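S.K.:
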Amino acid sequence: MTEAVVRLTREGLWTNNPGLVQLLGLCPLLAVSNSVINALGLGLATLLVLVLSNTTVSLIRHGVRREIRIPVFVLVIASFVTVVELSMNAWFHELYLVLGIFIPLIVTNCAILGRAEAYASRNPPGLAAFDGLMMGLGFAGVLLALGAFRELLAQGTLLNQAELMFGPAGEALQLTVLPGYDGFLLAALPPGAFIGLGLLLALKNLLDQRRAQPRPILKAARPGQPG
Amino acid sequence: MTVPAFRMAGPPHIAPSGSVPAIMRSVLLALIPGTLAMILIFGWGVLINVLIAVAVALPCEALMLRLRNRPMEPFLQDGSAVVTAVLLALALPPLTPWWMPAVGVALALVLGKHLYGGLGFNPFNPAMVGYAALLVSFPGQMTVWLPPTIGPSGSLGLMDSLHYALSGSLRGGLELDALTQATPLDQIRTGLGLELTVGEIRTEPGFGLLAGAGWQWVNLLFLAGGAWLMHRRVIAWQIPMGVLLGLAVPALVFWTANPDQYAPPLLHLLSGGAMLAAFFIATDPVSAATTPRGRFCFGVGIGVLTWVIRTWGGYPDGIAFGVLLMNMAVPLIDRYTRPRIHGRGKPGPGTGERS
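So the sequence lines, in the order shown, correspond to chains G and V.
Residues in the first sequence are numbered from -7 upward in steps of one, following the working numbering.
Residues in the second sequence are numbered from 214 upward in steps of one, following the working numbering.
#1: Are the C-beta of G/F176 and some C-beta of chain V separated by less than 7 Å?
#2: Roughly how many whole angstroms lie between the Cα atoms of V/P365 and V/L433?
#3: Using a Cβ cut-off of 7 Å (strictly closer), state whether V/A378 contacts chain G.
#4: Decide yes or no for the touch test of the region 398 to 412 of chain V against the region 336 to 344 of chain V: beta carbon pairs closer than 8 Å, at least 3 of them.
#5: What ranges does the alpha helix (DSSP H) occupy inside the region 233 to 260 of chain V, keeping only unbroken runs of at least 4 residues that lie completely in it?
#6: Do you know how far the Cα of G/L125 is from the Cα of V/P310?
#7: In its own chain, which residues sit with a C-beta less than 6 Å from the C-beta of V/M488, not counting the 5 before and 5 after it?
#8: Is the distance from the Cβ of V/D547 to the Cβ of V/G507 below 7 Å?
#9: Per the contact definition of three or more C-beta pairs closer than 8 Å, is the region 176 to 191 of chain G in contact with the region 138 to 155 of chain G?
#10: Compare the C-beta of V/V349 with all C-beta atoms of chain G and state if any pair is closer than 7 Å.
#11: Output yes if chain G places a C-beta closer than 7 Å to the C-beta of V/A275; else output no.
#12: Confirm, please, whether the CB-CB distance from V/L359 to V/G427 is below 7 Å.
#13: Compute the Euclidean distance between the alpha carbons of V/N262 and V/A476, then round it to the nearest angstrom.
#14: Would you say V/F509 and V/G455 are within 7 Å of each other, going by their C-beta atoms?
#15: If you drop the 5 nearest sequence neighbours on each side, which residues of the same chain put their C-beta closer than 6 Å to that of G/L145?
#16: Skipping 5 residues on each side, what residues in its chain have a beta carbon closer than 7 Å to that of G/K196?
#17: Just reading off the alpha helix (DSSP H) that V/M355 is part of, what are its end residues?
#18: For V/R553, which of V/P505, V/E417 and V/T519 has the nearest alpha-carbon?
#19: By the three-class DSSP mapping on this structure, what secondary structure does V/W450 have?
#20: Leaving out the 5 sequence neighbours to the left and right, which residues in its chain are closer than 8 Å to V/V521 when beta-carbon positions are compared?
#21: Among all the DSSP beta bridges, which residues are the ones paired with G/L167?
#22: With 8 Å as the limit, tell me which residues of the region 238 to 255 of chain V have their beta carbon closer than that to any beta carbon of chain G; keep them in chain order.
#23: Any contact between the region 288 to 300 of chain V and the region 312 to 329 of chain V? By contact I mean 3 or more CB pairs, one from each, below 8 Å.
#24: Quick one, which of V/T519, V/L442 and V/P336 has its alpha-carbon nearest V/P544's?
#25: Beta carbons nearer than 7 Å to chain G: which residues of the region 302 to 334 of chain V have them?
#26: Assuming the contact rule is C-beta atoms closer than 8 Å, G/L39 and G/G128 should be a hit. Round their C-beta distance to whole Å, please.
#27: Just mark G/H85 as buried or exposed, buried being the case when its beta carbon has 16 or more other beta carbons within 10 Å.
#28: Tell me which residues share the same chain as G/S71 and place their Cβ nearer than 6 Å to its Cβ, disregarding the 5 neighbours each side in the sequence.
#29: Mind listing the chain V neighbours of G/L192? Cutoff is C-beta to C-beta under 7 Å, in chain order.
#30: So with Cβ pairs under 7 Å, would you call V/A340 a contact of chain G?
#31: Using the DSSP secondary-structure output, state which residues sit across from V/Q394 in a beta bridge.
#32: Just to confirm, are V/L371 and V/Y377 a CB contact at a threshold of 7 Å?
#33: Considering only the beta carbon of each residue, do V/Q429 and V/G419 sit closer than 7 Å?
#34: For G/G190 and V/L249, I'd like the C-alpha separation in whole angstroms.
#35: Rounded to the nearest angstrom, how far is the Cβ of G/L156 from that of G/A31, given a contact under 8 Å?
#36: DSSP three-state label for G/F84, please.
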């Protein structure tokens, strides 16, 4: 049991991260990561849906016929997305308006259907819920990293408009990291999302490479150079 | 006496027109007259931009070569980074803070060139990648031009230009707006918006005999440099001719139909970056089409897109977007214009005949 928990944690957060390794759910990942608060809002919503749908799919896994499992999973996911959407409309109305179409679009996030099919439909509810939690955290983490990168580059701030999420107290959270910064608009526009995700992917691959190849091999690659 | 080695390239056995450094040197030489004219007409800022861009380009190139574990010397000395830097700097407005050419060149070389695999592998023209990134990010600063003046009276002196480049403000509390003037293409756009005719707009200050005052000379000198490059066979004639025709033919058609609403073809040819783009930017051997017919199609596409963006688009000049859009179409163009192999039938795009 603990072994499975450790493995799920490592897979969800790093080795099988939905955003950086499976490259699933890129549409919301690229579209909504233009600020930390947007990223946090969508990340939490996705996380919640993922945990709930994984648990439910796991609970009903013996009662669903193989032939119709995909429509059933989509139905389950769509119900939870509707719940999350209505709750956000009720309690985080401003944020709901900002995120707009991307909240209902969580239904089509392949990362969620992928986990239902690949993990939750074959494992007990406890583990499935934990898998959903870790995958959701991994996805939200990538969203947050990309959101922070783009917001910092585009406006020189972090957690701008935090009041959308945390109420009036959130205004104190707003950080101006680079005062007097002109702003690099490209980072907030769609190209900035692609460039940022590309850089994040490169960074992750670089870290993995560093870990997989300790120093001797790196040195061994060098002697080809003249001099 | 040593007998030169018999080196056989692949068929059709025509020696290439020169090495990369030789080509880049010729391009830089051919840029000199137009660049001198720009400095004379728009002031020292042009020269400062070029120097900053080159000074940033070389360390960027060296850094990326080092990160990619590539040999430093041959790539640093081939001059391709310098050509990219100079082309980008010439496309920038003459008065910019120092970080504009620096950021543009860094984006051009790092994102536009090396992340795709370096010289020879970049699908997009690096200079235009940098330019488009700057235009999208800083639209305000990118459309501020100085009025064309010849002689010391009008444009800023060397020290004033340097001061602006380094600090982003003018000496003596002068406001930038007091000095700047819209480019002729901008003037036409705003004029047409105010329901003036092209004829009326051309009587405003800033217009000369053929096109915008000053701009016409810059473009004519870039044309001269480009003609020299074509004469030396450094660039093929298909791309520049394609660009100029693609720009002139729709302009001619619409201008004949309604000379009040559409600018004449000569004005299009001698405005903005038309000549610089036709002879120096679109002809980048890496990101352009490679077959002869394909090169012509590529050029025509750039010309037509530039005219469309200038006439109906939201930006004053459309060259950067025209070049980038056509860069995307290059694989398709090359596929459909593959030349016939001697002794074989017509190659269809689907036959997949490669060798």
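Glycine included, C-beta positions come from ideal geometry on N, C-alpha and C.
Note that the coordinates shown come from a computational prediction; the quantities given were computed from them, not determined experimentally.
M.R.: Result, derived from the coordinates:
#1: yes
#2: Confidence at V/P365 is low in this model, with a pLDDT of 49, below 50, so its placement is unreliable and no value can be given for it.
#3: no
#4: no
#5: Listed in chain order, the complete alpha helix (DSSP H) runs (minimum 4 residues) inside the region 233 to 260 of chain V are 233 to 255.
#6: Using only the alpha carbons, I get a separation of about 48 Å.
#7: N432, F435 and L436
#8: yes
#9: yes
#10: yes
#11: False, the Cβ-Cβ gap to chain G never drops below 7 Å.
#12: no
#13: 30 Å
#14: yes
#15: These residues qualify, in order along the chain: F176 and A179.
#16: L12
#17: P352 to M355
#18: V/P505
#19: coil
#20: The residues are P463 and G531.
#21: G/L150
#22: none
#23: yes
#24: V/P336
#25: L324
#26: 3 Å
#27: exposed
#28: Sequence-distant Cβ neighbours of G/S71 in its own chain, meaning closer than 6 Å and more than five residues away, do not exist here.
#29: Correct list: empty, because the minimum Cβ distance to chain V is about 14 Å.
#30: no
#31: V/W358
#32: no
#33: no
#34: 40 Å
#35: G/L156 to G/A31, Cβ: 12 Å. No contact.
#36: The three-state secondary structure of G/F84, taken from DSSP, is coil.
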